[in-house]
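Reviewing the structure listed below.
Chains as they are written, first to last, in the numbering used here: chain R, 12 to 387; chain V, 12 to 387.
What follows is the structure, encoded as structure tokens:
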């Protein structure tokens, strides 16, 4: 398999790198953030708006779409890109995360995972091969292996078993995928939580299987931050530098910066979009809770330094009014801003790596305390 | 007051005319349709999307905005246009319709109307002068007089009293408005239901007061269609041809065409936007209820002949999926389409009047039965 990822710049003082990830639907500049389009739509936005904020790739949940409308329907419509009319790259997850977090009655065996649909309780059985077939039929650009992980906190032996299963499933997924002859790529997901030995074992076993990309799974579920950083450092030494690395589901800007510094290339998270709908907005000066009455007559944009459609056109007072009236355009305008804010940080991250100033950028963003409330 | 409306083309065989309505925020080509932005936003759309479908003027409810955020807040923010960041013309209604339809405990006297806020039950008293002041302070381009009308069906003497009050209030509103020295304009609203004598009296009394524009109020609330058409014919003979006429709140395409034929220039209705959110979509071949299972694998756009963003990019199958998943983008894409459909019909109406083919256009649109379900 020819390499479809190449590094174009490396930070001198850390493992941060800027790269290009080629897919059948275009090239993604990394480090990249994928807005989450669970049901084939980034919540509240049109695709045109998603493109306008600078998204180059989106994440679609194969679990949701396989339940409704079903893989047959997506396939009959010409595949995922045609069905949802998104012409750029798509990564689908295997459904593992949704199964373990949404479904009742989950039973995991060597063969696969049996669970009840969270919609109607009907019993579903999914093997690692099924997860590959399903995603391949949908036609995503990047497919993810079915993995398994227990909830945090977990017993060491439970996690050891999860790592064993995840590797075994990854091998079967790899074999199944090898039969396909398409331009798609299948990435492996490492598990092991924050247990150094188990994460190391998981990564080494995956690397031996030679995937074109690798993910950190099962993180951001309550583990201490220092342990998370240790995992990323371990991964940075073990994953081949020629392959892209994806930190699944983690969206705090600080964590993203730490992860980029440790060689991570790809991210996804519902944080910016979900927070937008809840009225929590990110700005270069900190968080804004737009429902606060202090914004009722505030003529300023959310963020003076932001070039998004929302900040270029609307006041905090109007945004508060829309939020309070529960107008859908509140969710739309807020989501445009939060996603633009995120994607702009990624643009700046890439630029800083190319111009050898990533540590300065990281420090300046973290010192502005973007996770905290905007100072008055 | 210099004329701010001029006719640029007249249909030879009917009273239909195309005109230009000048306002401080730009010129509106008539016949025109105003999307309804009750709370200062067309539901589900950004202003950019409202402009992209071709809207030249929107209607904002002064009733809603005067309760929340309040006229002081709107004024403090620089007026309605600045507050909501809509740079084009705005017409505000007086609140009459909202008061009679939303508020409990409405008491109408010669002085004005006393009602309970539909939000918190607090008692509000609104005079015709208040309604003018409130709209003038908000800064709309076109203000409407406070009117009064009873629910349909009504006793003749009840309507006679409503006409008397509406004229008396219009006179007071006119006097109050005469004190302002701005570029805004205040229009009168006729009442009288479908009673020929009362509607005639109402119109004649209003015309004597010399407003720069006139509306038909209290229609589209259950009266027979033939009676409605009679009212429009009466109005067409009584309203000066030099002034614009506005049929309030009526949105069926057939009724709009009949009204244009009888000299009406301006319309507003929640029909296209509300129906969009409920999944009922207008097409050149008839109505489509997008939730119907028959669209689950339908790769066609809603309307093959439509140039809107939705039809240019998405299939019925995807639109059905979004509707079924209750995604906000369903409301967004559906509203873009329905509004584009309406505003496109208005573009065609204007063009047909200018090219002397309005009767042909009217016949062709009505024969396509846009109000009925699309044939299979």
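We treat Cβ as the ideally placed atom computed from N, Cα and C, and that holds for glycine.
These numbers were taken from a predicted model, which means no experiment stands behind them.
Would residue 343(V) pass as an interface residue toward chain R - the criterion being a Cβ-Cβ separation below 7 Å?
By this cut-off, residue 343(V) is an interface position.
Identify whether residue 25(V) lies in helix, strand or coil by the three-state DSSP scheme.
Of the three classes helix, strand and coil, the one that applies to residue 25(V) here is coil, per DSSP.
On the three-state DSSP scale, how would you describe residue 201(V)?
Residue state, collapsed to three classes: strand.
Check the C-beta distance from residue 212(R) over to residue 242(R) and give it rounded, since I have them as a contact under 8 Å.
Actually they are not in contact, since the Cβ atoms of residue 212(R) and residue 242(R) sit about 13 Å apart, beyond 8 Å.
Please report the residue range of the alpha helix (DSSP H) in which residue 133(V) lies.
Residue 133(V) -> no alpha helix (DSSP H), and no H or E assigned at all.
At 7 Å on the CB atoms, spell out the chain R contacts of residue 325(V), in chain order.
Residues of chain R passing the Cβ test: 96.
Which residue from 287(R), 32(R), 222(R) puts its Cα closest to that of residue 188(R)?
Per the Cα distances, 222(R).
Do you know offhand how far residue 12(V)'s Cα is from residue 168(V)'s?
The predicted model places residue 12(V) with a pLDDT of 47, which falls under 50 and marks its position as unreliable; any figure quoted below should be read in that light. Cα to Cα, the separation comes out at about 35 Å.
At a CB-CB cut-off below 7 Å, which residues of chain V make contact with residue 340(R)?
By Cβ distance, chain V contributes 52, 55, 56, 57.
Can you list, in chain order, the residues of the stretch 311 to 337 of chain V whose Cβ is nearer than 9 Å to any Cβ on chain R?
For the stretch 311 to 337 of chain V, which is checked against every Cβ of chain R, the residues closer than 9 Å are 320, 321, 324, 325, 326, 328, 329, 331, 332, 333, 335, 336.
For residue 136(R), does the count of other Cβ atoms within 10 angstroms reach 16, so buried, or fall short, so exposed?
Classification of residue 136(R): exposed, given that the 10 Å Cβ count is below 16.
For residue 310(R) and residue 93(R), what's the separation of their Cα atoms in angstroms?
Cα-Cα distance, rounded: 42 Å.
Rounded to the nearest angstrom, what separates residue 151(R) and residue 91(R) at their Cα positions?
Roughly 7 Å separates the two Cα atoms.
If the criterion is Cβ atoms closer than 7 Å, does the pair residue 159(R) and residue 177(R) meet it?
Yes, these two residues count as a Cβ contact at 7 Å.
Starting from the Cα of residue 245(R), find the closest Cα among 267(R), 274(R), 66(R), 229(R) and give me that residue.
Checked all of 267(R), 274(R), 66(R), 229(R); the closest Cα to residue 245(R) is 274(R).
Tell whether a beta-carbon distance below 7 Å holds between residue 191(R) and residue 146(R).
Not a contact, by the Cβ cut-off of 7 Å.
For my contact list, residue 184(R) and residue 143(R) are in at a C-beta cut-off of 8 Å; report their separation, rounded to the angstrom.
That pair is a contact at about 5 Å.
On the three-state DSSP scale, how would you describe residue 385(R)?
Residue 385(R): coil per DSSP, three-state reduction.
From which residue to which residue does the alpha helix (DSSP H) around residue 188(R) run?
Taken as a continuous stretch (DSSP letters only), the alpha helix (DSSP H) holding residue 188(R) covers 167 to 189.
So residue 336(V) is in the beta strand (DSSP E); what residue range does that whole segment cover?
Looking at the DSSP string, residue 336(V) is not in any beta strand (DSSP E), and its letter there is neither H nor E.
Could you tell me which chain V residues have their CB closer than 9 Å to the CB of residue 155(R), listed as they occur along the chain?
The contacting residues do not exist; residue 155(R) stays about 22 Å from chain V at best.
Mind listing the chain V neighbours of residue 46(R)? Cutoff is C-beta to C-beta under 8 Å, in chain order.
Result: empty, since nearest Cβ-Cβ is about 13 Å, beyond 8 Å.
Can you list, in chain order, the residues of its chain whose CB lies under 6 Å from that of residue 70(R), leaving out five sequence neighbours each side?
Excluding sequence neighbours, residue 70(R) sits near 45, 47, 102, 279.
Can you pull the chain V residues whose beta carbon is under 8 Å from the beta carbon of residue 386(R), in chain order?
Residues of chain V passing the Cβ test: none, with the nearest at roughly 23 Å.
Using C-beta distances below 7 Å, list every residue in its chain close to residue 220(V), excluding the 5 sequence neighbours before and after it, in chain order.
Excluding positions up to five away in sequence, the list reads 181, 182, 185, 199.
Under 7 Å, Cβ to Cβ, is there at least one residue of chain V near residue 255(R)?
Not one chain V Cβ lies under 7 Å of residue 255(R).
Taking 7 Å as the threshold (beta carbon to beta carbon), is residue 12(V) in contact with chain R?
Here the model assigns residue 12(V) a pLDDT of 47, short of 50, so the residue's position is not dependable and the matter cannot be decided.
For residue 308(R), would you say it is in contact with chain A, using Cβ-to-Cβ distances shorter than 7 Å as the test?
In the displayed structure, chain A is absent; the protein chains listed are R and V.
Please report the straight-line C-alpha distance between residue 252(V) and residue 240(V), rounded to a whole angstrom.
In a straight line, the C-alpha of residue 252(V) is about 18 Å away from that of residue 240(V).
Looking at the structure shown, is residue 144(R) part of a helix, part of a strand, or coil, going by DSSP?
Residue 144(R) falls in the helix class under three-state DSSP.
Give the single residue among 294(R), 286(R), 356(R), 353(R) whose Cα lies nearest to the Cα of residue 341(R).
That would be 286(R), whose Cα lies nearest to the Cα of residue 341(R).
Considering only residues of the same chain and omitting the five flanking positions on each side of residue 22(R), which have a CB-CB separation below 6 Å?
Within the same chain, residue 22(R) has close Cβ partners 364, 369.
Are at least three pairs of beta-carbons, each pair with one atom in the stretch 323 to 330 of chain V and one in the stretch 298 to 309 of chain V, less than 8 Å apart?
Yes, since at least three Cβ pairs between the stretch 323 to 330 of chain V and the stretch 298 to 309 of chain V fall closer than 8 Å, the two stretches touch.
Since residue 80(V) meets chain R, which of its residues come closer than 7 Å, beta carbon to beta carbon?
Neighbours of residue 80(V) on chain R, chain order: 307, 332.
I need the boundaries of the beta strand (DSSP E) containing residue 300(V), first residue and last residue.
297 to 300 is the extent of the beta strand (DSSP E) around residue 300(V).
Note the first and the last residue of the continuous alpha helix (DSSP H) segment covering residue 245(R).
Taken as a continuous stretch (DSSP letters only), the alpha helix (DSSP H) holding residue 245(R) covers 236 to 249.
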